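Enquirer: Here it is, the structure in full.
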Amino acid sequence: NAGVMQNPRHLVRRRGQEARLRCSPMKGHSHVYWYRQLPEEGLKFMVYLQKENIIDESGMPKERFSAEFPKEGPSILRIQQVVRGDSAAYFCASSPEGGQGYQPQHFGDGTRLSIL
Amino acid sequence: DQQVKQNSPSLSVQEGRISILNCDYTNSMFDYFLWYKKYPAEGPTFLISISSIKDKNEDGRFTVFLNKSAKHLSLHIVPSQPGDSAVYFCAASGLLQGAQKLVFGQGTRLTINP
C-alpha cells in the first residue's frame with residue numbers, strides 16, 4: 003500500500019494523558035500536513051512539516067500540541083495532558099517536492115481520538 | 664471567519680442525472696482550488712483541482728468550474744452514480760495563506776438515489 007499511513011486508527015485516552023499520533027507519508031513525498039476535523043465540520047489546518055523542519059504551525063494550539071517529522075521515521079503529532087475538547091479525527095496528508103502549492107495533498111484515513 | 668463556504672449541507676440527486684455542488688470563497692488571494700470526496704471512517708480522496716489561471720478543468724465524469732469575479736466554484740458530476748454518495752469538500756490555498764495550507768469548506772453530503 004503506497005498511500006499515507008496513519009496509526010493508530012482509534013485511540014482512547016483519559017483526561018491528562020498523552021496522545022501520540024503517527025503518520026508515514028506516501029513514498030516519494032517529503033511534505034507532511036496535519037488537519038483536525040470536529041464532528042459536522044470541515045478539516046482545519048494545524049501544521050505543515052518537511053523533514054526535520056516545521057514550516058507553518060499557525061493552526062496549532064499554543065499549548066500542549068507539538069509535531070515533528072524526523073529524518074528517519076514517521077511524523078508524530080503529540081498532544082500532552084489531553085482534555086475532552088481534543089476529541090476529534092486527526093488527518094495527515096502528504097505531497098511531493100516541488101510545485102509550490104500546486105500539488106494536491108493526499109490524505110490518510112485518520113486517527114479518531116476519544117478522550118474519556 | 665469562514666473563508667470557504669459550502670452553503671448546502673446536503674444534496675439529493677437521482678442516478679444518471681447531473682450533480683452540482685457549489686462553493687464560495689472570500690479571500691481573493693486564493694489561487695488553487697480542490698475538491699475532495701470523503702466516505703465515513705476514511706480520509707478525504709482527491710478528485711480534481713483547478714488553478715486560478717483556468718476557468719474549467721475536466722476529468723472523466725467530473726468537471727470543476729471557477730468564476731473568479733464571483734469567487735465561486737462548482738463541481739459537476741455527470742452522470743451521477745450510487746458510488747458517488749459521499750461528503751464532498753472544497754478546499755483552497757494561496758500565497759497569503761501559505762501555499763501548502765488548505766482551507767476547507769464544511770462539506771456537502773451528496774446522496775444518489777437509484
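Respectively, the protein sequence lines represent chains A and B.
Converting from the first sequence to this note's numbering requires adding 2 to each position, the first position being numbered 1.
Converting from the second sequence to this note's numbering requires adding 663 to each position, the first position being numbered 1.
For every residue, glycine included, the Cβ atom is placed at its ideal position computed from N, Cα and C.
These figures come from a predicted structure and were not determined experimentally.
1) By Cβ distance below 8 Å, which residues in the same chain neighbour residue 34(A) in space, the five residues on each side in sequence not counted?
2) Any idea what DSSP makes of residue 86(A), helix, strand or coil?
3) Just curious, the beta strand (DSSP E) that residue 681(B) is in, first and last residue?
4) If the cut is a Cβ gap below 8 Å, which residues of chain A does residue 752(B) touch?
5) Alpha carbon to alpha carbon, how far is residue 702(B) from residue 12(A)? Give it in angstroms, no decimals.
6) Measure the alpha-carbon distance for residue 3(A) versus residue 668(B) and round it to whole angstroms.
7) Using a Cβ-Cβ distance cut-off of 9 Å, determine whether residue 767(B) contacts chain A.
8) My output table needs one value for residue 98(A): the three-state DSSP class, helix, strand or coil.
9) Would you kindly report the start and end of the unbroken beta strand (DSSP E) that includes residue 32(A)?
10) With DSSP as the reference, label residue 757(B) as helix, strand or coil.
11) Let me check understanding here. Comparing Cα to Cα, which of 678(B), 729(B), 695(B) lies closest to residue 738(B)?
12) Cutting at 6 Å between CB atoms, please list the residues of its own chain near residue 719(B), excluding the five before and the five after it.
13) Use the C-beta contact count for residue 73(A): other C-beta atoms within 10 angstroms, 16 or more gives buried, fewer gives exposed.
14) So, helix, strand or coil for residue 111(A), using DSSP?
Expert: So, from the listed chains and residues:
1) 25, 27, 50, 51, 52, 71, 77, 94, 95, 96
2) helix
3) It is not in any beta strand (DSSP E) - residue 681(B) carries neither H nor E in the DSSP assignment.
4) 44, 45
5) 17 Å
6) Residue placement at residue 3(A) is flagged as unreliable, the pLDDT there being 49, under the threshold of 50; the coordinate-derived value follows with that caveat. Their Cα atoms are separated by approximately 34 Å.
7) yes
8) strand
9) 31-39
10) strand
11) 729(B)
12) 728
13) exposed
14) coil
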